[in-house]
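Asks: This is the structure I want to talk about, given as structure tokens.
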Amino acid sequence: MTEVITDKDKEYEAEERRNAPGNDQDMSDRVNNRSLRPRSEAFKEFMRTGWADDEPDIKPLESSKFTPQRLEALGKAFPGERLVIPAGQPKVRNNDCDYAFRPDTTFAYYSGLGMDYEAGAVLVLNPVDPDSPEAKAGRTHTPELFVAPRADNSTTDFFMNAHYGEYWVGPRAGLKEMTAMTGIETHDIAQLADALSKDVGPEAGAVRVHVIRETDPAITSLVESIREANGSDDPDKNSAADDKLHEFAAEARMVKDSYEIGELRKAVDATKQGFDRLLATLPSALDKPRSERILEGAFNAVSRELGNTVGYDSIVASGPHAPILHWMRNTGVVKSGDMLLVDAGVEVDSLYTADITRTFPTNGKFTDLQKRLYQAVLDSQQAGFEAAKPGATYSDIHHACMRVIAERLHEWGLLPVSVEESLSPEGQQHRRWLACGVAHHLGLDVHDCAQARFEAYQGAPIRPGMAFTIEPGLYFREDDLLIPPEYRGIGIRIEDDVLMTEHGPEWISAGIPKQIDEVEQWMAERAAASK
1 MTEVITDKDK
11 EYEAEERRNA
21 PGNDQDMSDR
31 VNNRSLRPRS
41 EAFKEFMRTG
51 WADDEPDIKP
61 LESSKFTPQR
71 LEALGKAFPG
81 ERLVIPAGQP
91 KVRNNDCDYA
101 FRPDTTFAYY
111 SGLGMDYEAG
121 AVLVLNPVDP
131 DSPEAKAGRT
141 HTPELFVAPR
151 ADNSTTDFFM
161 NAHYGEYWVG
171 PRAGLKEMTA
181 MTGIETHDIA
191 QLADALSKDV
201 GPEAGAVRVH
211 VIRETDPAIT
221 SLVESIREAN
231 GSDDPDKNSA
241 ADDKLHEFAA
251 EARMVKDSYE
261 IGELRKAVDA
271 TKQGFDRLLA
281 TLPSALDKPR
291 SERILEGAFN
301 AVSRELGNTV
311 GYDSIVASGP
321 HAPILHWMRN
331 TGVVKSGDML
341 LVDAGVEVDS
351 LYTADITRTF
361 PTNGKFTDLQ
371 KRLYQAVLDS
381 QQAGFEAAKP
391 GATYSDIHHA
401 CMRVIAERLH
411 EWGLLPVSVE
421 ESLSPEGQQH
431 RRWLACGVAH
441 HLGLDVHDCA
451 QARFEAYQGA
461 PIRPGMAFTI
471 EPGLYFREDD
481 LLIPPEYRGI
491 GIRIEDDVLM
501 TEHGPEWISA
511 GIPKQIDEVE
521 QWMAERAAAS
531 K
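Numbering (the UniProt record's numbering), first residue to last: 1 to 531.
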């Protein structure tokens, strides 16, 4: 990231400012005060010549076989309406540095594009003419992608545009490449405003435009200005319609197709390798400063080697950090004899992620107390799994898990009321040690389908093709005076990924050990492999 600025560079910058129209230099080709790019015609001419052809070899993405059906279902839900689904823009981390770009989940689902292919892209579903042959054949919409053309070595933007220029960012997919990859007709992003404005209005037969509002403020602002200019500016009505689009897209992802299920399996397999690497690193990390981060780094390295990145910030929580539900600082020391809770998942290039939690005895062997607490959580998880039959609800899973937890807490003398009183809505005392939920949808987002209606999520029957987690736990905080001292500072969570099939639930992550003897054996094998 270092760029040396010489006195000559500063003189050149001053000259540029003096000569710029209106004495106001175009800032688009500078990065604050550190990047001075030559602008002479001699330089530009020199940079346009002498490059080899770099035509990329583009093949269709596997996802392109599945997106037509998704797009068709989306279009049929919004007949006669134009749907705008942005990919989003990079988000600033600090000053002129952005976070790594990840496209919006709705865009990824309907375009089939993963990784960081194209910040700023927009997917549009245009309603077909109701009198057209396409409409008579049952087609409601034509999907179109809008992206920036390639700024390859035949263009000036190649070396002058730090956002798109391939001198700066490497090879990109342009219009024909995007068409080949996705199977979706692709156009220059410069045509977007005109395309969105076509035939828009409030009268009968005119087109109404809906947008995924939260993804790209600039695109949302464009849509709102088009609505206003064409007489369909009703903020409450438009906002409700936009929300309906987002809601539908979330609920559409609840049942996974065969491609999605395959990607989830890849993510779980990669996550297993991440845990393998972490456990191999554990013996040498014990008692070292910030050893939680040593282990985090081991897992995260695998996520970059085998996938796109982690699906969410990894939780590596040892000892008193383990009962902290979202401990992500990972600054602690992993001490021998403590319990180590690791909640982590690899996001593969398609952006589907695993979500796995395992809890380990740091020295490789559970104590009797640790075994008792761990087995309670394991039994709770199994009860939730057995409750997860086709037609059951997330509430059924939740109640099954909670009953086991309440029974064990009562058995240990920690529950101040009866099991039934605690399980009643008026009680819930057991939730002091398990305050969070125990199941959620899984897919492109680690907490997938979050924009769905409650009645379509928590209250809806679980159907074949749904993927979700089951993740009960026990969290005994270090400062909890209502429990014996030996319990304090122990946190245990066991989380696995589940696929509902026509015959019942399947543990997608069955290959990641979690039984007590299997965990101890796994830890011993990985420790031996590290020597």
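Just so it is clear, CB atoms sit at the ideal spot from N, CA and C, and this is done for glycine as well.
To which residues of the same chain is E421 closer than 6 Å at the C-beta, ignoring the five residues directly before and after it?
Replies: In the sequence shown, counting from the first residue as 1, residue 421 sits at position 421. These residues qualify, in order along the chain: G427.
Asks: Tell me, please, which residues DSSP counts as bridged to L499.
Replies: Here residue 499 is taken as the residue at index 499 of the sequence shown, counted from 1. In the DSSP assignment, L499 forms a beta bridge with A467, E506.
Asks: Bridge partners of N94, per DSSP?
Replies: Translated into the one-based positions of the sequence shown, residue 94 becomes position 94. Answer by DSSP bridge pairing, in chain order: C97.
Asks: Out of A121, K44, V122, point me to the one whose CA is closest to F158's CA.
Replies: Here residue 158 corresponds to residue number 158 of the sequence shown, with the count starting at 1. For the residues A121, K44, V122, the minimum Cα distance to F158 belongs to K44.
Asks: Tell me, to the nearest whole angstrom, how far the beta carbon of A354 is from that of G345; I am working on the premise that it is less than 8 Å.
Replies: Translated into the one-based positions of the sequence shown, residue 354 becomes position 354. Translated into the one-based positions of the sequence shown, residue 345 becomes position 345. Indeed they touch by this definition, with Cβ atoms about 4 Å apart.
Asks: Are T105 and D445 touching if we call contact CB-CB under 9 Å?
Replies: Position 105 of the sequence shown holds residue 105. Position 445 of the sequence shown holds residue 445. A contact, by the Cβ cut-off of 9 Å.
Asks: Short check: CB of L113 to CB of L83, under 9 Å?
Replies: By 1-based counting over the sequence shown, the position of residue 113 is 113. By 1-based counting over the sequence shown, the position of residue 83 is 83. Cβ distance not < 9 Å, so L113 and L83 don't count as in contact.
Asks: Looking at the structure shown, is T309 part of a helix, part of a strand, or coil, going by DSSP?
Replies: Locating residue 309 in the sequence shown gives position 309, counting from the first residue. Reduced to three states, the DSSP call for T309 is strand.
Asks: Assuming I470 contacts V438 (C-beta within less than 8 Å), just tell me the rounded distance between them.
Replies: As a position in the sequence shown, residue 470 is number 470, starting the count at 1. As a position in the sequence shown, residue 438 is number 438, starting the count at 1. Confirmed, Cβ separation roughly 6 Å.
Asks: Using a threshold of 9 Å, state whether the C-beta atoms of V404 and S380 are closer than that.
Replies: The residue given as residue 404 occupies position 404 in the sequence shown. The residue given as residue 380 occupies position 380 in the sequence shown. Closer than 9 Å, so yes.
Asks: In three-state terms, what does DSSP make of R30?
Replies: Residue mapping note: residue 30 aligns to position 30 of the sequence shown, counting from 1. Only weak support is given to the placement of R30: the predicted model assigns it a pLDDT of 45, under 50, and the question is left unresolved by the model.
Asks: Starting from E347, follow its DSSP beta bridges and name the residues at the other end.
Replies: Working through the sequence shown from its first residue, we reach residue 347 at position 347. Note: E347 sits in a beta bridge opposite T309, T353.
Asks: Taking its Cβ as the centre, do 16 or more other Cβ atoms sit within 10 Å of N23, making it buried, or is it exposed?
Replies: Indexing the sequence shown from 1 puts residue 23 at position 23. Annotation note: pLDDT 39 at N23 (below 50); position unreliable, coordinate value reported separately. Burial call: exposed.
Asks: Assuming E347 and G319 form a contact by the criterion Cβ under 8 Å, report the distance between their Cβ atoms to the nearest whole angstrom.
Replies: Here residue 347 is taken as the residue at index 347 of the sequence shown, counted from 1. Here residue 319 is taken as the residue at index 319 of the sequence shown, counted from 1. That belief does not hold up - the Cβ atoms of E347 and G319 are roughly 28 Å apart, past 8 Å.
Asks: Between G459, P390, L482, which lies nearest to H430 when the distance is taken from Cα to Cα?
Replies: What you label residue 430 is simply residue 430 of the sequence shown in a count that begins at 1. When each option's Cα is compared against that of H430, the closest is L482.
Asks: Can you tell me the Cα-Cα spacing of T367 and D497, whole angstroms?
Replies: Counting from one through the sequence shown, the residue named residue 367 turns up at place 367. Counting from one through the sequence shown, the residue named residue 497 turns up at place 497. The alpha-carbon separation between T367 and D497 amounts to approximately 27 Å.
Asks: Which same chain residues end up closer than 6 Å to M47 when comparing Cβ atoms and leaving out the 5 residues on each side of it in sequence?
Replies: Your numbering for residue 47 matches position 47 in the sequence shown. Result list for M47: F159, in chain order.
Asks: Output yes if chain C places a C-beta closer than 9 Å to the C-beta of R227; else output no.
Replies: Absent from the structure: chain C. Only one protein chain is present.
Asks: For K514, I'd like the list of residues in its chain whose CB is within less than 6 Å of its CB, leaving aside the five on either flank, ordered along the chain.
Replies: On the sequence shown, residue 514 is found 514 positions in, with the first residue counted as 1. Only I494 meet the Cβ criterion.
Asks: Flag this pair as yes or no: are the beta carbons of T362 and L340 separated by less than 9 Å?
Replies: Your numbering for residue 362 matches position 362 in the sequence shown. Your numbering for residue 340 matches position 340 in the sequence shown. The answer is yes: Cβ separation under 9 Å.
Asks: Report the CB separation of L278 from L295 in whole angstroms; it is logged as a contact under 8 Å.
Replies: Counting from 1 along the sequence shown, the entry for residue 278 is found at position 278. Counting from 1 along the sequence shown, the entry for residue 295 is found at position 295. So it is a contact: roughly 5 Å between Cβ atoms.
Asks: On a Cα-Cα basis, can you pick out the residue from A135, S350, M115, L145 that is closest to L192?
Replies: Here residue 192 refers to the residue found at position 192 when the sequence shown is read from its first residue. Cα-wise, what sits closest to L192 is L145.
Asks: If you draw a straight line from the alpha carbon of S197 to that of D233, how long is it in whole angstroms?
Replies: For the purposes of this step, residue 197 is taken as the residue at position 197 of the sequence shown. For the purposes of this step, residue 233 is taken as the residue at position 233 of the sequence shown. Using only the alpha carbons, I get a separation of about 13 Å.
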